[in-house]
Amino acid sequence: MVRAGAPAPATVDLGDPDTFADHDLDGFWRTLRDTAPVYWNPPAGGRRGFWVLSRYDDIMAAYRDDLNLTSERGNVLVTLLGGGDAGAGRMLAVTDGHRHHELRKILQRVLSPRVLSDVAAAVRANTRRLIREAVEAGGCDFAAEIASRIPITTISNLLGVPEQDRDHLLAQTKAALSADTEDVDETDSEMARNEILLYFMDMVEERRAAPGDDVISMLVASSIDGVPLSDEDIVLNCYSLIIGGDETSRLTMIDGVHTLAARPEQWRRLKDGEVAIDTAVDEVLRWASPTMHFGRTVVRETEVHGVRLRPGEIVTLWHASGNRDERVFERPGEFDLGRAPNKHLAFGYGPHFCLGSYLAKVEIAELLLALRDFTDGFEQTGEALRIRSNFLTGFSTLPVRFRPDPRSMKEAATQ
Ligand code: HEM
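Residues in the sequence shown are numbered from 388 upward in steps of one, following this note's numbering.
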């Protein structure tokens, strides 16, 4: 049965970035969850077909199943369909087994809450300054002037990227994964990815010669089973931190402001202190679900709901649907800042669970706190442009006008 108003599954190609720009897929996902929880997206546009999991429980089970499913042939459609990931077996997200475990331990050391307390303090100061300035100016393009500045500054601080290189790196990061406009194609994205890799290659050389106290210097000094990490290993994992940590957080913040601007009653709950910040952060994450999917390749035949998945086939796990699954979430289509419990899938699950989740939550929490303290509300003043991607969802522009909170702005001025 196809739900009224939902596009028929056969007309939707989840491999095509335009699908997400052109359609509201809520009805499509509901149809899949109800009638085809293991759905075959047929080959289209020169791309091969792949399995689609849309129910929360099935997505969790697939994330846990590193026996039958592997990440080593890519973990997003672009690489899975493109024949593999160049970082396989070396970059954390596309490495499995013993090496993944060891590499994760190394990276965990630099991304644990204890180690990140200085970074968290810098996020707070940076976010509050940006919001205060924007409120004083009356408004801004929140995407370009605020959300673009927070995660890149955070990751750059972690990696020791000098101030003057950050704008260039941000531009490359944007082009590497998604395309803000239709004229940026896959070749441009690939060139941007190579640019980032080359940039970090130079930095690794510099840190080998003169180590500092940043993540790159720490990776230079790390080894697995007695073998030091190679330059390539280090570069690929820096790439993964910048790619994993910038755009996802940025899109979540933009979506949070977009959603709150359209729902003044939820904003009031935040402003009046009715909802705990951590609870609000989780709902912002569930609602935004910036990474629409992740994926795996079948290595041993397995079965889901009686459907056989064969070795070599691609399985995609859709947060965009799992985070709206009515089997798990009450009123899933409602944005409720006080939602609890809220075991959303935005950070994945299992052995590859997002390593930057703490940092991402700090960034979103500090944004909500700064908005709560310095503004008395805000509204969208123009069109928000959608990015074009089959992996990430969100906006590349968001013009907003802020109403200042007179008390906080006065206090800030005297500090
Ligand atoms: C993995 C989402 C922020 C670094 C993941 C995965 C998801 C995810 C779903 C699992 C991928 C898979 O299973 O194949 C997000 C979201 C974020 C965010 C929604 C922000 C809202 C960050 C940040 C960093 C980061 C800030 C780094 C500073 C990583 C890394 C992995 C990862 C290194 C690979 C972990 C592994 O394979 O063991 N992320 N992420 N992420 N994320 Fe994040």
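All C-beta atoms, glycine included, are put in the ideal place defined by N, C-alpha and C.
Proximity to residue i [Cα-Cα], best of the options
i      : options                        : result
His555 : Asp572, Arg580, Thr574         : Arg580
Leu724 : Leu490, Arg673, Glu713         : Arg673
Phe716 : Gly436, Leu732, Leu546, Gly743 : Leu732
Gly769 : Leu585, Cys527, Asp405         : Cys527
Asn513 : Ala558, Val497, Pro538, Leu490 : Pro538
Asp472 : Gly433, Ser627, Leu494         : Ser627
Leu779 : Ala508, Asp665, Gly631, Phe722 : Gly631
Glu690 : Asp405, Trp438, Leu419         : Trp438
Phe529 : Arg434, Val607, Ile641, Thr540 : Ile641
Thr646 : Ile533, Val787, Thr541         : Val787
Pro424 : Leu412, Phe407, Arg442         : Arg442
Rounded straight-line distance, which links the Cα of residue j to that of residue i
i      : j      : result
Met388 : Val399 : Only weak support exists for where Met388 lies, its pLDDT of 41 falling under 50; the value from the coordinates is given anyway. One C-alpha to the other measures close to 15 Å.
Val685 : Asp659 : 49 Å
Pro793 : Arg511 : 21 Å
Thr639 : Asp633 : 10 Å
Asn462 : Pro728 : 28 Å
Asp421 : Ala431 : 24 Å
Pro791 : Glu523 : 7 Å
Gln653 : Leu454 : 43 Å
Arg390 : Asp600 : Interpretation of Arg390 is limited by its pLDDT of 46, a score under 50 that renders its predicted location unreliable; no figure is taken from the coordinates.
Gly414 : Ala649 : 21 Å
Asp763 : Gly643 : 16 Å
Ser617 : Gly709 : 38 Å
Thr666 : Arg595 : 42 Å
Ile771 : Pro404 : Correcting the residue type first, residue 771 is Ala in the shown sequence and not Ile. Ala771 and Pro404: Cα-Cα distance of roughly 18 Å.
Arg417 : Trp705 : 12 Å
For residue i, the first and last residue of its enclosing beta strand (DSSP E)
i      : result
Asp763 : 762-767
Pro786 : 786-791
His680 : 680-685
Ile446 : Run containing Ile446: none in the beta strand (DSSP E); it sits in the alpha helix (DSSP H), 443-451.
Asn428 : 425-428
Contact test: residue i Cβ vs the ligand HEM heavy atom, cutoff 6 Å
i      : result
Thr703 : no
Pro615 : no
Ala480 : yes
Gly733 : Correcting the residue type first, residue 733 is Ala in the shown sequence and not Gly. Under cutoff, so the answer is yes.
Ser636 : yes
Trp708 : As written in the sequence, residue 708 is Ser, which differs from the Trp given in the question. Ser708 Cβ: outside cutoff for every heavy atom of the ligand HEM.
Cys527 : no
Thr678 : yes
His488 : no
Asn462 : yes
Leu742 : yes
Ala747 : yes
Arg491 : yes
Range of the contiguous alpha helix (DSSP H) that encloses residue i
i      : result
Cys625 : 618-649
Glu577 : 573-596
Asn544 : 537-546
Glu489 : 484-498
Phe415 : 413-422
Ile603 : 602-607
Asp409 : 404-409
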